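Report on the following structure.
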Amino acid sequence: MSLTLYNTLSRKKEPFVPLKKNEVGLYTCGPTVYNYVHIGNLRAYLFDDILKRTLLFNKFPVKHVMNITDVGHLTSDEDEGEDKMLKGAQREKKTVWEVAAFYTKAFQENMKKLNILSPDILCKATDHIKEQIALIQQLEKKGFTYFKGGNVYFDTSKLSDYGKLAKLSLDAEAKARVQKDQNKKNHHDFVLWFTKSKSQEQEMKWPSPWGVGYPGWHIECSAMSMKYLGEQFDIHCGGIDHIPVHHTNEIAQSEAAIGKKPWVKYWLHNEFLVLGQGEKMAKSGENFVTLPTLEQGGYHPLDYRYFCLGTHYRHPLMFSYEALDGAKTARRRLIDKVLEFKKNKDKASATKQKPFLQTFTDAINDDLNTPQALAVVWDVVKDEALSGKDKYVLLAKFDAILGLDLKTVKEEKIPTEVLRLAIERLQARQNKDWKKSDELRERISRFGYVVGDTKEGFEIKKSD
Ligand SMILES: [Zn+2]
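Anchor point for the sequence shown: position 367 equals 371 in this note's numbering, and the numbering is continuous, going up by one each time.
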């Protein structure tokens, strides 16, 4: 089966046919670096990664560009609220530049731990002010902008198909909502360039034809994607929250500027990670779970990767520690199996492997059906006709998509904490303190190990 992807633009699965033979352009919206990313944000980057790996698996020459937003993003996506970067700087008593550098590094560390392939180009909005100004000038020349109250706005009424991605019903929406910014001519108009900062402490400012100021949030993605991928490119991704405002506005300004349609051929969006009541993970409060939080709780970052693979990217993913425990156990079991298969000296048979490789490819090529791909993984593990060698070869091939480091897994050493508890338990048994001994056995089991008694003392095994 050749690759098909669900295009938000058409609300249909479509066969993937690239615009050019020698390069598939992929642009994925990156983080606003004013705080740590939480695991809900990371789900989006994992989805981008599966998509990119699937393209590579299908031998498409991908060029991947991701942005880092370090200026211009207000707490609401619609030019309302406080400046996110400034808020971070005030909270931490640092400059906005320091905050941006710190959280960019933290973000990159998260990506690495989750085995997310690095983009070919990771570009910062503040390094591309010149390109953003040039794009706004282009829009100005074509009559798509107006200047009011110190800001340059995009006039959405000049485009006949504004809002096509989100299928916005413009009249109803405009009536339903109160206009907060009195300078806007139309409800959906948005700022391209701010010269009037809401905060006098705004540190990030640049000279421009409209006065000293800074760009609106949406313009950076249009300017940088077109700089690196050309005026028209293949795929643009982001979370579903980007559909109604950010991506809608990116399309408006880009298609207005280039005068060609469509700007991007395929739009792909991932659903959220949700908590108990279906709520989205919040950026503050106790719902704010980061990758280091999980690591401190005894989870490996790849346990979270495995957890995300278990649900299709277009479905909400319910987060709970119980569910994450399930992923953790499954991943450990898979690693043990891979270690066992790796030692197998039987002959490999390409003929026997073929149907499994085909089913796996069909699953992944069917709009990145990772839950089904994982089911094939376990079919391979359990199959009785395949040799251990065949299983190892197949799983190593699948890992090009899964990214679970299956090829490089090593025998895991028993954690020192488990050893310490086992010694403590031995002492308790020598003292005939059976209650304490049972408690310690229980604590050891929480690490995924079983302790047994031998003549010499004890032996520790991984639990099944
Ligand atoms: Zn973007």
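The C-beta atom is built at its ideal place from N, Cα and C for all residues, glycine as well.
Nothing here was measured: the structure is a model prediction, and the numbers come from that model.
When we look at the beta-carbon of residue i and count the other beta-carbons within 10 Å, is it buried (16 or more) or exposed?
| i | result |
| --- | --- |
| histidine 246 | buried |
| tryptophan 438 | exposed |
| tyrosine 325 | exposed |
| arginine 57 | buried |
| histidine 192 | buried |
| arginine 424 | exposed |
| alanine 426 | buried |
| glycine 301 | exposed |
| valine 28 | buried |
| threonine 355 | exposed |
| serine 441 | buried |
| glutamine 434 | exposed |
| glycine 34 | buried |
| serine 449 | exposed |
| alanine 367 | buried |
| isoleucine 137 | buried |
Please state if the CB of residue j and the CB of residue i are separated by a distance shorter than 8 Å.
| i | j | result |
| --- | --- | --- |
| threonine 294 | isoleucine 120 | no |
| valine 413 | leucine 343 | yes |
| leucine 399 | valine 384 | yes |
| phenylalanine 276 | isoleucine 244 | yes |
| isoleucine 140 | leucine 196 | yes |
| isoleucine 72 | valine 100 | no |
| aspartate 340 | lysine 466 | yes |
| aspartate 74 | glutamine 206 | no |
| leucine 30 | valine 66 | yes |
| threonine 160 | asparagine 187 | no |
| alanine 227 | glutamate 135 | yes |
| cysteine 241 | threonine 32 | yes |
| leucine 118 | proline 305 | yes |
| threonine 252 | alanine 170 | yes |
| phenylalanine 462 | valine 455 | yes |
| isoleucine 125 | valine 69 | yes |
| arginine 47 | cysteine 225 | no |
| leucine 23 | lysine 17 | no |
| leucine 272 | leucine 55 | yes |
| methionine 5 | aspartate 370 | yes |
| lysine 393 | alanine 352 | yes |
With a cut-off of 8 Å on the beta carbons, I'd call residue i and residue j a contact; round off their distance for me.
| i | j | result |
| --- | --- | --- |
| lysine 269 | aspartate 238 | 5 Å |
| tyrosine 317 | alanine 331 | That belief does not hold up - the Cβ atoms of tyrosine 317 and alanine 331 are roughly 16 Å apart, past 8 Å. |
| glycine 314 | leucine 233 | Between leucine 233 and glycine 314 the Cβ distance is about 32 Å, and since that is not below 8 Å, they are no contact. |
| tyrosine 218 | phenylalanine 198 | 6 Å |
| valine 103 | alanine 110 | At roughly 11 Å, the Cβ-Cβ gap does not stay under 8 Å, so valine 103 and alanine 110 are not in contact. |
| glutamine 236 | phenylalanine 158 | No, glutamine 236 and phenylalanine 158 are not in contact; Cβ-Cβ is about 20 Å, not under 8 Å. |
Tell me the start and end of each unbroken beta strand (DSSP E) in the region 76-158 that is at least 3 residues and wholly inside, in chain order. 125-128, 149-152, 155-158
Check each residue's C-beta against every heavy atom of ligand 1 and list, in chain order, those closer than 5 Å. Cys33, Cys225
Which whole runs of the alpha helix (DSSP H) in the region 212-281 are 4 residues long or more, in chain order? 223-233, 252-262
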